[in-house]
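Asks:
Residue numbers (full-length UniProt numbering): 1 to 319.
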């Protein structure tokens with residue numbers, strides 16, 4: 001917390017002085033009451049009041065003054081605000097290996113569920129697009145704010161949707177960058193702040209070199225966050241013959257490191273959702289320092305109303 005007018009915090013000494021004055025007054029009141037031996041007269045000059053409630057209005061009033069002073073000092077804090085035109089491209093591997101059942105019910109189904117939860121957690125104003133890739137890559141949903149279209153696109157994720165088998169990580173990155181550049185008329189000269197979230201279970205087997213695509217992402221300042229999804233024991237059944245498809249995240253890690261993104265590993269559905277939550281907490285946001293004095297002033301006004309209500313309710317004999 002940083003104050004723009006810290007010298008005003010000295011006014012808190014005045015609040016402290018009032019608190020001390022109140023305590024002194026209470027002690028004097030108690031001593032004065034003890035001098036009376038006539039109980040009827042004592043009840044009139046110092047009637048019994050609720051022990052704790054009689055101090056509550058004064059406490060709330062002092063708290064209100066303290067909060068107003070803090071607000072008067074103009075405190076500032078770093079807050080997260082969504083980037084204007086923020087664009088997130090989600091690229092999901094739909095190759096045959098994603099049908100492995102080492103993740104229940106299978107890698108692809110789990111990935112679809114986690115992707116759906118991820119995009120639903122992003123601010124409504126974020127532009128979100130979807131890319132499917134196997135041996136080639138295709139934009140299923142161009143970046144935009146229509147979440148219903150995005151949900152439909154996630155449902156369409158399936159083996160063979162791109163028409164070519166393989167794992168083209170480089171093509172997925174390049175296709176995602178192309179979708180970002182086509183966001184709007186200004187994107188060509190003023191690229192929007194963008195991120196690519198790429199999920200796969202294997203190394204690159206076709207298409208352009210992922211490192212070349214990563215270099216293109218670096219050139220336009222688009223970090224690529226990668227997720228290696230699956231386990232070493234994964235396999236798919238082809239005609240009754242099990243084919244081993246162990247997860248391989250080496251290429252994904254290299255891409256993330258080169259582009260300034262973050263590499264994640266997930267071996268279960270829960271881990272994948274946790275990864276998406278972690279990515280969602282930073283993607284498309286920026287931190288700015290803002291005046292937060294209204295927080296303290298607003299809370300101070302609440303305390304003021306509480307003090308007023310307590311005073312009227314308990315000491316004015318309102319019904």
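Backbone N, C-alpha and C fix where the C-beta goes; we use that ideal spot for every residue, glycine too.
If you're wondering where the values come from, they're calculated on a predicted model, not measured in any experiment.
1) How many Å lie between residue 183 and residue 142 at the Cα?
2) Can you look up residue 264 in the DSSP assignment and give me helix, strand or coil?
3) In chain order, what residues of the same chain lie with their CB nearer than 8 Å to the CB of residue 117, ignoring the 5 residues before and after it?
4) Mind checking who residue 10 pairs with in its DSSP beta bridge?
5) List the endpoints of the continuous alpha helix (DSSP H) containing residue 218.
6) In the DSSP output, what is residue 226 paired with across the bridge?
7) Should residue 288 be labelled buried (16 or more other beta-carbon atoms within 10 Å of its own) or exposed?
8) Per DSSP, what kind of secondary structure is residue 235 in: helix, strand or coil?
9) Cα separation between residue 251 and residue 86?
10) Go ahead and pull the three-state DSSP assignment for residue 89.
11) Pop quiz: residue 56 and residue 19 are said to be a contact at Cβ under 8 Å. What is the actual Cβ separation, rounded to whole angstroms?
12) Rounded to the nearest angstrom, what separates residue 153 and residue 179 at their Cα positions?
13) Can the beta-carbon of residue 175 be found closer than 9 Å to that of residue 139?
14) Please report how far the alpha carbon of residue 268 lies from the alpha carbon of residue 200, in whole angstroms.
15) Residue 307: buried (16+ other C-beta within 10 angstroms of its C-beta) or exposed?
16) Are the beta-carbon atoms of residue 329 and residue 214 separated by less than 9 Å?
17) Using three-state DSSP, classify residue 25 as helix, strand or coil.
18) What is the DSSP secondary structure of residue 193, reduced to helix, strand or coil?
Replies: Well, looking at it:
1) Reading the chain shown from its first residue, position 183 is the one you call residue 183. Reading the chain shown from its first residue, position 142 is the one you call residue 142. Roughly 8 Å between the two C-alpha positions.
2) Residue mapping note: residue 264 aligns to position 264 of the chain shown, counting from 1. Residue 264 falls in the strand class under three-state DSSP.
3) Locating residue 117 in the chain shown gives position 117, where the first residue counts as 1. Cβ neighbours of residue 117 beyond the five flanking positions: 273, 276.
4) Position 10 of the chain shown, counted from the start, is the residue given in the question as residue 10. DSSP output for residue 10 lists no bridge partner at all.
5) Here the question's residue 218 lines up with position 218 in the chain shown. Element bounds for residue 218: 210-219.
6) For this step, residue 226 is matched to residue 226 along the chain shown. Beta-bridge pairing links residue 226 to 198, 263.
7) Position 288 of the chain shown, counted from the first residue, corresponds to residue 288. Answer is exposed; the Cβ neighbour count stays below 16.
8) For this step, residue 235 is matched to residue 235 along the chain shown. Strand at residue 235.
9) As a first step, residue 251 must be located in the chain shown, where it is residue number 251. As a first step, residue 86 must be located in the chain shown, where it is residue number 86. If you take the alpha carbons of residue 251 and residue 86, they lie about 26 Å apart.
10) The residue labelled residue 89 in the question sits at position 89 within the chain shown. Residue state, collapsed to three classes: strand.
11) On the chain shown, position 56 is the one that residue 56 refers to. On the chain shown, position 19 is the one that residue 19 refers to. The Cβ separation is near 14 Å, so there is no contact.
12) Residue mapping note: residue 153 aligns to position 153 of the chain shown, counting from 1. Residue mapping note: residue 179 aligns to position 179 of the chain shown, counting from 1. About 15 Å.
13) Stepping through the chain shown from its first residue, residue 175 is reached at position 175. Stepping through the chain shown from its first residue, residue 139 is reached at position 139. Taking 9 Å as the Cβ cut-off, residue 175 and residue 139 qualify as a contacting pair.
14) Taking the chain shown and counting its residues from 1, one reaches residue 268 at position 268. Taking the chain shown and counting its residues from 1, one reaches residue 200 at position 200. Each residue's Cα considered, the two are about 14 Å apart.
15) For the purposes of this step, residue 307 is taken as residue 307 along the chain shown, with counting starting at 1. Burial call: buried.
16) The displayed coordinates of the chain run from 1 to 319. Any statement about residue 329 would go beyond what the structure contains.
17) For the purposes of this step, residue 25 is identified with residue 25 of the chain shown, where counting begins at 1. Residue 25 falls in the helix class under three-state DSSP.
18) The residue you call residue 193 lines up with position 193 of the chain shown. Coil, per DSSP.
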